[in-house]
Amino acid sequence: MKSLGQYQQAQLPKIRQIIVMGLVLAGIAVIFGQFSVAMGIAAGVPVSVINYYLMVSAIDSAATAEGETTQTFFMRRFLYRTLITFTTLFLSLLGGVQFMLGMAVGLSLQMLVHLLEGISLIFYKRG
Numbered sequence: 014m015k016s017l018g019q020y021q022q023a024q025l026p027k028i029r030q031i032i033v034m035g036l037v038l039a040g041i042a043v044i045f046g047q048f049s050v051a052m053g054i055a056a057g058v059p060v061s062v063i064n065y066y067l068m069v070s071a072i073d074s075a076a077t078a079e080g081e082t083t084q085t086f087f088m089r090r091f092l093y094r095t096l097i098t099f100t101t102l103f104l105s106l107l108g109g110v111q112f113m114l115g116m117a118v119g120l121s122l123q124m125l126v127h128l129l130e131g132i133s134l135i136f137y138k139r140g
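For reference, each letter of the sequence shown is one residue, going 14 to 140 in the working numbering.
Dropping the structure here:
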């Protein structure tokens, strides 16, 4: 089994944040009685983690690649992630509009984690 690269190991806390944030948002949806939305969020979290891992592994392997192959590799990964996201959203329509809305929230959790990290960098000094 291939071991995780240095960059991948550094990103494991963000994967945990995606999972915890998904659980919290699904819990909030349940509190408000939106069970379909909560199920969509719960179903979107694993796909979000897979998409995040695809991005992180591409960045990690780019450290050893050179030239045009790096750009081609990144674009291929980006297209895979986009295809996974659109396919998942399209299939989630089978569960109804509320389920699809929850799925969209679940899929966007990785961006939310990055947004919150950016906000924390603006307001809090590190180091």
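Note that beta-carbon positions come from the ideal geometry of N, C-alpha and C, so glycine has one too.
TODO: Indicate the three-state DSSP secondary structure (helix, strand or coil) for Phe45 in the structure shown.
DONE: Under the three-state reduction of DSSP output, Phe45 falls in the coil class, being neither helix nor strand.
- [ ] Would you check if the distance between the CB atom of Met117 and the CB atom of Leu134 is smaller than 8 Å?
- [x] Per the sequence shown, the amino acid found at residue 117 is Ala instead of Met. Not a contact, by the Cβ cut-off of 8 Å.
Open item on the list: Nearest by alpha-carbon distance to Leu67: which of Arg89, Phe112, Leu107, Leu129 is it?
Closed with: Arg89
Open item on the list: Going by C-alpha to C-alpha distance, which of Phe99, Ala55, Phe136 sits closest to Leu38?
Closed with: Of the candidates Phe99, Ala55, Phe136, the residue whose Cα lies closest to the Cα of Leu38 is Ala55.
- [ ] Compute the Euclidean distance between the alpha carbons of Gln84 and Ser70, then round it to the nearest angstrom.
- [x] 14 Å
TODO: Return the CA-CA distance between Phe136 and Leu128, expressed in angstroms with no decimal places.
DONE: Approximately 13 Å between the Cα atoms of the pair.
Open item on the list: Suppose you measure from the CA of Gln30 to the CA of Ile63; what does that come to, to the nearest Å?
Closed with: 14 Å
Task: C-alpha distance - Thr100 paired with Gly109, whole-angstrom precision - done: 15 Å
Task: Contact set for Ala51: own chain, Cβ-Cβ below 6 Å, skip 5 residues either direction - done: Ala39, Ala42, Val43
Task: Same chain, Cβ closer than 8 Å to Gln24, five either side skipped, listed in chain order - done: Take Gln24, set aside five residues on each side of it, and the residues of its chain with a beta-carbon closer than 8 Å to its own are Tyr65, Val69, in chain order.
Open item on the list: I need the boundaries of the alpha helix (DSSP H) containing Ser121, first residue and last residue.
Closed with: Unbroken run through Ser121: none, as it is neither H nor E.
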